[in-house]
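Protein chains in written order, with the numbering used here: chain V, 106 to 337; chain Y, 106 to 337.
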């Protein structure tokens, strides 16, 4: 059995996009796992991994092998379970996934964060509020997340939507980013929308955005939609 | 023998990024070709292709088969010459190349154009100036290309460089975008820099930008650097 240490917010929400990627990867491989929720201020729970970030997995079918970082987890699962569907089938598949990882971090996550940070802060566990406020405040240059979110929704939503145009064009050709089957690039980008969907019901996309039907397919693929909660 | 219809500027310059992609594709396949230069106002030369854009290739080894559009040319060459090195080896390779095509158009070309449009206009063949001024003026919202370029270099260069960050991160891992060998994603992005390098010596990148050594490899791979000219 594999254990996944998964970031927990209030009311059982589990927004971490990198943890969603690990859950997609485990499902893709057809592997079962149990989850250990961990709050921002409970890094002691994963101290054994030698670092402080989730996701962390421990695979007790493989000598309690411990892996952190969603990318390393995907590589590990392909190596440890080569007979199950591969996440990264070839050098090109891996290169595509890696580019989508960078693009998603720099464009999707970075563009999305100010748009949802107020709702995200409201969804943090009470005991983790100080940690979130200080760490994210430093990154964003303000601790008034509600105001930042209001301003971002008024001023930056159109640019965010426009920045997703490469995704939109890609989805004109195939049902998924790499063709007719879901693959790791889909998992990377869908995890960003699951991150948002875990803490807010704000409409990041226009109702007729062609990204939405793809996202619905990704959300339903392993029934992750049932794990989304309306904002606390 | 394959004939390539290639956009011509003054002094024999051949800037079209889509024509550069076709030249990369032909070299990758190890195919010889002859070039027919064509100015913006000589669309009659490619009227036989049923449309007005370059690149167009005619393959007389295959019943004068005529193909236009760089992407269609890559697909054609793989299909017509399957025993030569493939440009798009798998569904994932094709999906990656397609995403890089969209990203390059929306981010690299769109960001680069205002930064070089003044020099580009100066490099157009005299008889094509009116065509360029009117068609590009409509697209850019001004026909004062020198002023637009000056303003873009003063105000938009940092944002352009920043927008290339996914490329920079990708090149930290491998010598080329898809790993240790040049592939179609490299050809797509390198063609954008060859487009600029055909008409201007303006430094689009910082001298220590890690994109530069990759670009030098791409420029030297088939000695395309020798075809670049300083701005007219």
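In this text, a Cβ means the ideal position worked out from N, Cα and C, and glycines have one as well.
A quick note: this is a predicted structure, and the numbers were derived from the prediction, not measured.
Start and end residues, beta strand (DSSP E) containing residue i
i: residue 170 of chain V; result: 170-173
i: residue 111 of chain V; result: 107-112
Nearest-angstrom beta carbon gap, residue j and residue i [assumed within contact, 8 Å]
i: residue 134 of chain V; j: residue 141 of chain V; result: Going by Cβ atoms, the distance from residue 134 of chain V to residue 141 of chain V rounds to 19 Å, so no, they are not a contact pair.
i: residue 316 of chain Y; j: residue 209 of chain Y; result: The Cβ separation is near 13 Å, so there is no contact.
i: residue 271 of chain Y; j: residue 282 of chain Y; result: Not really, about 10 Å apart at Cβ, beyond 8 Å.
i: residue 222 of chain Y; j: residue 269 of chain Y; result: Not a contact, Cβ separation roughly 19 Å.
i: residue 304 of chain V; j: residue 120 of chain V; result: 5 Å
i: residue 108 of chain V; j: residue 139 of chain V; result: 6 Å
i: residue 130 of chain V; j: residue 192 of chain V; result: 6 Å
i: residue 136 of chain V; j: residue 186 of chain V; result: 7 Å
i: residue 275 of chain Y; j: residue 153 of chain V; result: In fact, because the Cβ distance is near 32 Å, the residues do not count as touching under 8 Å.
Bounding residues of the alpha helix (DSSP H) (the contiguous stretch that carries residue i)
i: residue 277 of chain Y; result: 270-278
i: residue 222 of chain V; result: 215-228
i: residue 255 of chain V; result: 250-260
i: residue 236 of chain V; result: 234-245
i: residue 189 of chain V; result: First-last for residue 189 of chain V: undefined, no H or E at that position.
i: residue 203 of chain Y; result: 196-208
Checklist entry - Does the pairing of the segment 123-133 of chain Y with the segment 173-188 of chain Y give three or more beta-carbon distances under 8 Å? => result For the pair of segments examined, the segment 123-133 of chain Y was found to touch the segment 173-188 of chain Y: the number of CB pairs separated by less than 8 Å reaches three.
Checklist entry - Is it a yes or a no for the segment 190-208 of chain Y touching the segment 179-198 of chain V, going by three-plus beta-carbon pairs under 8 Å? => result Result yes; three or more Cβ-Cβ pairs closer than 8 Å.
Next on the checklist: Please give me, in chain order, every unbroken run of the alpha helix (DSSP H) with length at least 4 that falls completely inside the segment 126-162 of chain Y.
Outcome noted: Those alpha helix (DSSP H) runs which fall completely within the segment 126-162 of chain Y and span 4+ residues do not exist here.
Item to check | Segments of 4+ residues assigned as alpha helix (DSSP H) that fall wholly inside the segment 285-331 of chain V | outcome: Counting whole runs of 4 or more residues, the segment 285-331 of chain V contains the alpha helix (DSSP H) stretches 289-302 and 316-326.
Item to check | Any 3 or more C-beta pairs closer than 8 Å across the segment 303-322 of chain Y and the segment 216-229 of chain Y | outcome: Yes, the segment 303-322 of chain Y is in contact with the segment 216-229 of chain Y.
Checklist entry - So does the segment 241-250 of chain V actually touch the segment 160-173 of chain Y, counting three or more Cβ pairs closer than 8 Å? => result No, the segment 241-250 of chain V does not touch the segment 160-173 of chain Y.
Next on the checklist: So, does the segment 297-307 of chain Y touch the segment 320-334 of chain Y, judging by three or more C-beta pairs under 8 Å?
Outcome noted: Short answer: they touch.
Checklist entry - Going along the segment 148-179 of chain V in order, which residues come within less than 9 Å of chain Y, judged by CB to CB distance? => result The segment 148-179 of chain V vs chain Y, Cβ under 9 Å: nothing.
Next on the checklist: Would the segment 229-244 of chain Y count as touching the segment 143-158 of chain Y if we require 3 or more Cβ pairs under 8 Å?
Outcome noted: For the pair of segments examined, the segment 229-244 of chain Y was found to touch the segment 143-158 of chain Y: the number of CB pairs separated by less than 8 Å reaches three.
Checklist entry - What residues from the segment 262-276 of chain Y come within 8 Å of chain A, judged by C-beta to C-beta, listed N to C? => result Of the protein chains in this structure, namely V and Y, none is chain A.
Checklist entry - Can you list, in chain order, the residues of the segment 198-220 of chain V whose Cβ is nearer than 7 Å to any Cβ on chain Y? => result So the list reads 198, 200, 201, 203, 204, 207, 208 and 211, given in the order they occur along the chain.
Checklist entry - Going along the chain, which residues of the segment 182-196 of chain V sit with their C-beta nearer than 8 Å to a C-beta in chain Y? => result Near chain Y, meaning a CB-to-CB distance below 8 Å, the residues of the segment 182-196 of chain V are 194, 195 and 196.
Next on the checklist: Closer than 9 Å between beta carbons: that is the criterion. Which residues of the segment 282-305 of chain Y meet it against chain V?
Outcome noted: Residues passing the 9 Å Cβ filter: 282, 283, 284, 285, 286, 288 and 290.
Checklist entry - Which residues, taken in chain order from the segment 229-243 of chain Y, show a beta carbon closer than 9 Å to some beta carbon of chain V? => result Under the 9 Å Cβ criterion, the segment 229-243 of chain Y contributes no residue.
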